[in-house]
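Those protein sequence lines, which keep their order, are chains A and B.
Under numbering that gives the first Met the number 0, read the first sequence as residues 0 to 478, first letter to last.
Under numbering that gives the first Met the number 0, read the second sequence as residues 0 to 749, first letter to last.
Even glycine gets a Cβ: it sits at the ideal position worked out from N, Cα and C.
These notes concern the structure reproduced below.
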Amino acid sequence: MNPPDPLLLQTRRHFFRDCGVGLGAMALGSLLGREAQAAPAANPLAPKKPHFEPKAKSVIFLFMAGGPTQFELFEDKPELQKLHGQPIPESFIKGRRFAFMNTFAKETPKLLGTKHKFARAGDGGLSVSDLFPHFAKVVDEVAFIRTVATNVFNHAPAKLFLNTGSPQFGRPAMGSWLTYGLGSEAQDLPGFVVLQSGPRGPRGGALNWGSGFLPSTYQGVPFRAGGDPIVNLGRPAGITADRQKDTLDAVADLNKVRLDRTGDPEIATRIAAYEMAYRMQTSAPELIDLSKESKKTLDMYGAEPGKPSFANNCVLARRLVERGVRFVQLYHADWDHHGDANLHLDGPLETICREVDRPTAALLMDLKQRGLMDSTLVVWGGEFGRTPMGEIREKVGRNHHIDAYPMWLAGAGVKRGLVHGETDEFGFGPVTGRVHVHDIQATILHLLGLDHTKLTYRFQGRDFRLTDVHGEVVREVLT
Amino acid sequence: MIRHFVIASTWTAAFLVATTGAADPAVDYARDIQPLFTRSCAECHGPTKQKAGLRLDTAAGVREGSNNGPVVTAGKSAESRLVQALNGANDLKQMPPKEPRLSAAEVARITAWIDHGAKFPAGADQPRKSTHWSFQPIRPSAPPAVKRTDWVGNPIDAFVLARLEKNGIFPSPEADKVTLLRRVSLDLTGLPPTLDEVAAFLKDSSADAYERVVERLLRSPHYGERWGRHWLDLARYADSNGYSIDSPRTIWPYRDWVIRAINEDKPFEQFTVEQLAGDLLPGATTDQKVATGFHRNTQINEEGGIDPEQFRVEAVIDRVNTTGSVWLGLTVGCCQCHNHKFDPLAQREYYQLFAFFNNQDEPTLPLGPAPKTDTPAKGKKAPAGLTTMVLQERVTPRESHILKGGDFTRPGAEVTPGTPAVLPPLPAAPQTPNRLDLAKWLVSPDNPLTPRVIVNRIWGVYFGTGLVETENDFGTQGTPPSHPELLDWLAAEFVRRDWSLKDMHRLIVTSTTYRQSSASRPDLETTDPRNRLLARQVRLRLEAELVRDACLAASGLLDARIGGPSVFPPQPEGVFRFTQVSRTWAPSDGPDRYRRGMYTYFWRASPHPALMSFDAPDAGTTCTRRNRSNTPLQALTLLNDAGFTEYAAGLASRVLRDGKATGPDQVDHAFRLALGREPIELERQRLAAFLEKQRTHFAAYPEEVTPLLEGAGPAGKMLAKLEETPAADRAALLLLARVVLNLDECITRE
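Structure follows, in structure tokens:
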């Protein structure tokens, strides 16, 4: 058992001294003493010391759900353009499995060039297409990795893999690991917040931010774009703020009476939970109210208060980390451009790029201007990338691909203007600098001051980790 | 190095001279062969790593071979994969992969040993044995002698008290009668006692008053719901397919089968056999087939572009892992990719278990016409008839292989169904064993694990923690039992009493140990802060479904019908905004609105938020013990979820219907209905002051009454109709009821 956190004890002492009703000095002493010994009910989200000096305090993870196409965005491959329409050499795909095997089984898949124009952006040697004009201007803020590899090529398992380190169910999400390891600086908000935009939520739903075998204290809390940001945050119909306050006061007083009589520290935790719930009822609506943001800021993101969008969520993400929230994950769907009538590489791709491009660049600049880049890590990427071969359905698209796909990191402790890893002439696989999803996870933990091999939780007789038994910190991208 | 080589060569030359010709009895495996493997191979094929599933640091390992099959073929060195690997022959990568390799003479020595019959030392063919406690036979001992014999209600108490006396600790006094009644009612049925039940128990001063309550509760059909729900955690029961699409499924007939089986006290032995292999029983009944739904609770991936075989294999793996956890309390899943690092379980043995579950079809079983519901699941065509999901053995068995690294695209050596060697063997049978044999083996009297695991899990529900704290790991990495003799006594008793679960519940809840007060003991804070010695009971927050049930019961709104299709009570807006496929949730206005929490429709990708806030399992994998967290989201649920305001309105109406007209009477009555007990004076005063303040407020602001009552759903509308009571009083009473339902004690069993 960890020694009691002095800050927590102090908070508790303050709480009972200033707010205590019917709780004698003896009971207080006994309560604090109990914490000192067994600490069964210490606030699990109280800030905890990392393993070593962290670079970042918070993470904003821009999860591009569905798997963005690197070939329309970042991978400028003359060879692919030249051999457009030719079957991919057998050597690349012999014995390989892909999603939608049936479509691929009919004939050897053909290489697909892109219509989009690339231009060199920044000093690191990255090419960015005309679909991301705003991002092109800020690439020198990020460490771009071309060569991320994952293990699974279907959406739900691959999302779980990136979030939990395993394609199977039951493991905690990265945000849960981080709040378990570090607690949260936010006193009035959850430590792990999930935001969503686009036509639908991510595949796998709640399992993507579940706490697995960790206590549910650490599960991600979805914030909704409209209405109450958190389920049940708003008072029930017909209950005014005054009635709610009276109710909370009475509940607190009576819970303290019971605490005094039973001595169960769980009641003290429940009293504290109600206090935080009360604070959240003020802080969360204040948080999602973007009307206080300047017009200049809103315009920079392309955000419009009251109109749910990825842009609004990017503003919210900045506001969340400003308030000490540890892990903010933004899902934006749907990048799954197979070539269906409504999901292909023309209009639908252009739309989603427009939705994402400006706010992403704005988020980086906004964080920078406010000095938050020094304490925030921004991660961009999806569960996998897409094939250099085309997939022809009603329209033209690309299939899921897991050998090498792009992600980038930016912010505290991350090199700026770096491009890491090279792919082959078709962008099919890595030539140098392969980075596995477990390595990304290890790197994120590292930047927050946690050794991924030491952040463990014992379950079923085994010490589990986010990175399973794998993962190497990608030193090349660190400052 | 050179010197070493010279010596080795000289030695080998002598050896070769000596062994030329016929089989040479002088070849000693332990002396002449094993040291070579230990020196050159064990780094990758030894105690820490077993590449290709091969272990060469023990004779048993060499004999057993790798994931690709045997490595030694006696008398035929050229055909032995071991020799081929040492020589880099037959397209095998030469082993060891780097220098220093074995010298030609050393390879010759191994070749000669194989050609001379590959004699292993005695014992290499013996199954692995373990001295670990849980693999040893159950050995019940007589309850120990104690000093305070008057404290011993049944043998459980003797075991517990002996430990306490040894440590010089006094047990706690018995809980007061109301606390005890509320505790045992919640523990056995998941519902708090009614006022009549409390009154009757308080009045009953006979010696066996408590025991008769226990009998009544064990006969209650709600007992099957309460303990059925625990089983459904293990079964990973849900009403949808999971993964990304998360389509609805119909498998509630299995859920109802569980409730019935528990209520009938179907012996656990039979309970096991029917769920794992009901379809294989001679003349299997429909019910027995329904029971096989246990292993149909795996998820189904309907995402486009998947390889169906991959997810079929994943379901089989989940079945193996679940079976291992639920019955054996072992983390067999660790062996999916490699031999178990800590327990005597080999990867091969994992796939032998896999082979039992690799031979089924997954049909739906017709059950007759579909029952009517308040609110059919929208977006799903009402089925012509009711069906449920079952398992059915295939006529032509599938081949099973070791899957290298757990990867279904990399099959290794073929395996046949079998059980781990560290446990008692399957009875010899003429045919290949099947699921039925496995099920019977799991509940055979000499299986040391199943009875221990089951009684320990039950114990954990009553005391917050099992005797073995790691209820899902009885292996070497788990914690040893706090009371090993008690565990064995209970396990033996379970088998002796024909696997009667009711008998075990009765034994535990009638023990003096169980009946102790749960009040904290300052004197134990240094000696036993975690209450492992059981000198008191514990306060436990109710499980997610029971939080709802307890409040519904207090409100008088509860619809206590058992079973049937899952239902749609109200839930907050926007739950489906975070899922791939948005589902509609049309809340019931009829009686289904007030069904017990276990009947709430469970979408895996978007479960009811009130359930998840209170730690309901996500039905992704088997859950052997729920977490018990204590969070602000729970506070928000109780405070603001429309359902709970509705229950408060129900409770307020009930207080009025029961004729309580004065403030103090109303306070006492609401308190009793929710908590069972009378308030103490401090509580009474605080609540009365609250009630009075709200009443004054609503009298001054009558326009606030209607929105409040209207906002509280159908129950609020009922309250609005009780017009003989002034409106301000009704509104104030609703808020009073809401305070009471928000108390920690209301959602806690003490």
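Checklist line | Expected contact under 8 Å - CB spacing of D245/B and W584/B to nearest Å | finding: If you number the second sequence from 1, residue 245/B lands on position 246. If you number the second sequence from 1, residue 584/B lands on position 585. In fact, because the Cβ distance is near 13 Å, the residues do not count as touching under 8 Å.
Checklist entry - Which parts of the segment 38-125 of chain A are runs of the alpha helix (DSSP H), unbroken and 4 residues or longer, counting only runs that do not cross its ends? => result Complete alpha helix (DSSP H) runs here, min 4: 77-81, 89-92, 100-105.
The alpha helix (DSSP H) spanning Y209/B covers which residue range?
-> One-based indexing of the second sequence puts residue 209/B at position 210. For Y209/B, the enclosing alpha helix (DSSP H) has its first and last residue at 208-218.
### Query
Curious, which full-length alpha helix (DSSP H) runs of at least 4 residues does the segment 309-396 of chain A contain?
DSSP runs (the alpha helix (DSSP H)) wholly in the segment 309-396 of chain A: 309-321, 346-368.
Quick check: the Cα distance between A24/A and L194/B, rounded to an integer number of angstroms?
Position 25 of the first sequence, counted from the first residue, corresponds to residue 24/A. Position 195 of the second sequence, counted from the first residue, corresponds to residue 194/B. Note that A24/A has pLDDT 33, beneath the 50 cutoff, so the model's placement of it is unreliable and the number below is only indicative. Going by the C-alpha atoms only, they are around 36 Å apart.
ask   = Do you know offhand how far D614/B's Cα is from E78/A's?
value = For the purposes of this step, residue 614/B is taken as residue 615 along the second sequence, with counting starting at 1. For the purposes of this step, residue 78/A is taken as residue 79 along the first sequence, with counting starting at 1. The alpha-carbon separation between D614/B and E78/A amounts to approximately 53 Å.
Cβ closer than 7 Å: which chain A residues qualify as neighbours of M717/B? For the purposes of this step, residue 717/B is taken as the residue at position 718 of the second sequence. Contacts between M717/B and chain A, judged by CB atoms closer than 7 Å, are missing: the closest CB pair is about 15 Å apart.
*Just how far apart, CA to CA, sit V314/A and G301/A?*
Numbered from 1 along the first sequence, position 315 holds the residue referred to as residue 314/A. Numbered from 1 along the first sequence, position 302 holds the residue referred to as residue 301/A. About 10 Å.
| message | Beta carbons nearer than 7 Å to chain A: which residues of the segment 636-663 of chain B have them? | response | Answer set for the segment 636-663 of chain B: T636, L638, N639, D640, A641, T644.
For the pair the segment 160-171 of chain A and the segment 203-221 of chain A, tell me if three or more CB-CB distances fall below 8 Å. Yes, they touch.
Going by beta-carbon coordinates alone, are L466/B and W458/B separated by less than 8 Å? The residue labelled residue 466/B in the question sits at position 467 within the second sequence. The residue labelled residue 458/B in the question sits at position 459 within the second sequence. Yes. Within cutoff.
- [ ] Using a Cβ cut-off of 8 Å (strictly closer), state whether G84/A contacts chain B.
- [x] The residue labelled residue 84/A in the question sits at position 85 within the first sequence. The beta carbon of G84/A sits no closer than 8 Å to any beta carbon of chain B.
(message) Which of the three DSSP states is assigned to M406/A in this structure?
(response) The residue given as residue 406/A occupies position 407 in the first sequence. For M406/A, the three-state secondary structure derived from DSSP is strand.
- Could you tell me whether any Cβ in chain A is nearer than 8 Å to the Cβ of A22/B? The residue labelled residue 22/B in the question sits at position 23 within the second sequence. At A22/B, the pLDDT of 45 sits below 50, so the modelled position is not reliable and the matter cannot be decided from this model.
**Q.** Own chain residues within Cβ distance below 7 Å of V537/B, not counting five before or after
**A.** Here residue 537/B corresponds to residue number 538 of the second sequence, with the count starting at 1. F462, G463, S517, N530.
- prompt: How would you write the range of the beta strand (DSSP E) that Y456/A sits in, first residue to last?
  reply: Residue 456/A sits at position 457 when you count from the first residue of the first sequence. 456-458 is the span of the beta strand (DSSP E), which, as asked, contains Y456/A.
Exercise for review: With DSSP as the reference, label L297/A as helix, strand or coil.
Suggested key: As a position in the first sequence, residue 297/A is number 298, starting the count at 1. Here L297/A sits in helix by DSSP.
Of the listed residues Y217/A, R170/A, E184/A, E71/A, nearest to T621/B (C-alpha basis) = As a first step, residue 621/B is located in the second sequence; it is residue number 622 there, counting from the start. It is R170/A whose Cα lies nearest to the Cα of T621/B.
For this session: Report all residues from its chain with a CB closer than 7 Å to the CB of P39/A; omit the five preceding and five following residues, and keep chain order.
Result: Walking along the first sequence from the start, residue 39/A turns up at place 40. With a pLDDT of only 39 at P39/A, under the threshold of 50, the placement of this residue in the model should not be trusted, and no figure is reported.
field: Nearest to R260/A (by Cα), restricted to the options Q684/B, P678/B, A687/B, F689/B
entry: Within the first sequence, the letter at position 261 stands for residue 260/A. Residue P678/B is the option with its Cα nearest to R260/A.
### Message
Considering only the alpha carbon of each residue, which of P95/B, S554/B, E723/B, V580/B lies closest to S642/B?
### Response
One-based indexing of the second sequence puts residue 642/B at position 643. Checking the sequence, you will find Gly at residue 642/B rather than Ser. If you compare the alpha carbons of P95/B, S554/B, E723/B, V580/B with that of G642/B, the shortest gap goes to S554/B.
**Pick from P569/B, L655/B, E392/B, T644/B that is closest to E723/B, judged by C-alpha positions** = The residue labelled residue 723/B in the question sits at position 724 within the second sequence. If we check each option's Cα against that of E723/B, L655/B comes out closest.
Practice problem: Closer than 7 Å by C-beta to R318/A: which residues in its own chain qualify, once you throw out the five before and the five after it? Chain order, please. | Solution: Here residue 318/A refers to the residue found at position 319 of the first sequence. Excluding sequence neighbours, R318/A sits near L286.
Practice problem: Please classify G32/A: is it buried, with 16 or more other beta-carbons within 10 angstroms of its beta-carbon, or exposed? | Solution: Here residue 32/A refers to the residue found at position 33 when the first sequence is read from its first residue. At G32/A the pLDDT is 34, less than 50, meaning the model places this residue with poor confidence and gives no usable figure here.
Point to revise | Neighbour flag for Y242/B against chain A, beta carbons, 8 Å | key: Looking up residue 242/B in the second sequence gives position 243. For Y242/B, a Cβ of chain A is located within less than 8 Å of the residue's own Cβ.
_Quick check on the DSSP output: what are the complete alpha helix (DSSP H) runs of length 4 or more inside the segment 350-407 of chain B, in order along the chain?_
Segments of the alpha helix (DSSP H) lying fully in the segment 350-407 of chain B: there are none.
What would DSSP say about E63/B, mapped onto helix, strand or coil? If you number the second sequence from 1, residue 63/B lands on position 64. Of the three classes helix, strand and coil, the one that applies to E63/B here is helix, per DSSP.
> Are the Cβ atoms of L216/B and Y222/B separated by less than 8 Å?
Replying inline: Taking the first residue of the second sequence as 1, we reach residue 216/B at position 217. Taking the first residue of the second sequence as 1, we reach residue 222/B at position 223. Cβ atoms of L216/B and Y222/B: closer than 8 Å.
Against chain B, with Cβ distances strictly below 8 Å, would T239/A count as a contact?
The residue you call residue 239/A lines up with position 240 of the first sequence. Judged by the 8 Å Cβ criterion, T239/A is in contact with chain B.
query: If we ignore side chains and look at the alpha-carbon of each, how far apart do T178/B and L366/B end up?
result: Position 179 of the second sequence, counted from the start, is the residue given in the question as residue 178/B. Position 367 of the second sequence, counted from the start, is the residue given in the question as residue 366/B. Taking the straight line joining both Cα atoms gives about 43 Å.
- Task: Check whether the Cβ of V738/B lies closer than 8 Å to any Cβ atom in chain A.
- Result: Against the second sequence, residue 738/B aligns to sequence position 739. Closer than 8 Å to some Cβ of chain A, the Cβ of V738/B qualifies, so yes.
Checklist entry - DSSP three-state call for F463/A: helix, strand or coil? => result Taking the first sequence and counting its residues from 1, the one referred to as residue 463/A is at position 464. Three-state result, F463/A: strand.
Check your understanding: Whose Cβ in chain A lies nearer than 7 Å to the Cβ of R538/B?
Key -> Position 539 of the second sequence, counted from the first residue, corresponds to residue 538/B. The contacting residues are T261, D263, E265.
Three-state class that DSSP yields for Q195/A in the structure shown = Stepping through the first sequence from its first residue, residue 195/A is reached at position 196. Strand, per DSSP.
Could you check how far apart the C-beta atoms of S243/B and H331/A are, in whole angstroms? I think they sit under 8 Å. Within the second sequence, the letter at position 244 stands for residue 243/B. Within the first sequence, the letter at position 332 stands for residue 331/A. About 16 Å separates the Cβ atoms of S243/B and H331/A, ruling out a contact at the 8 Å cut-off.
| said: Distance cutoff 8 Å, beta carbons only. Does R676/B sit that close to anything in chain A? | reply: Taking the second sequence and counting its residues from 1, one reaches residue 676/B at position 677. No, R676/B lies away from the interface with chain A (no Cβ there is under 8 Å from its Cβ).
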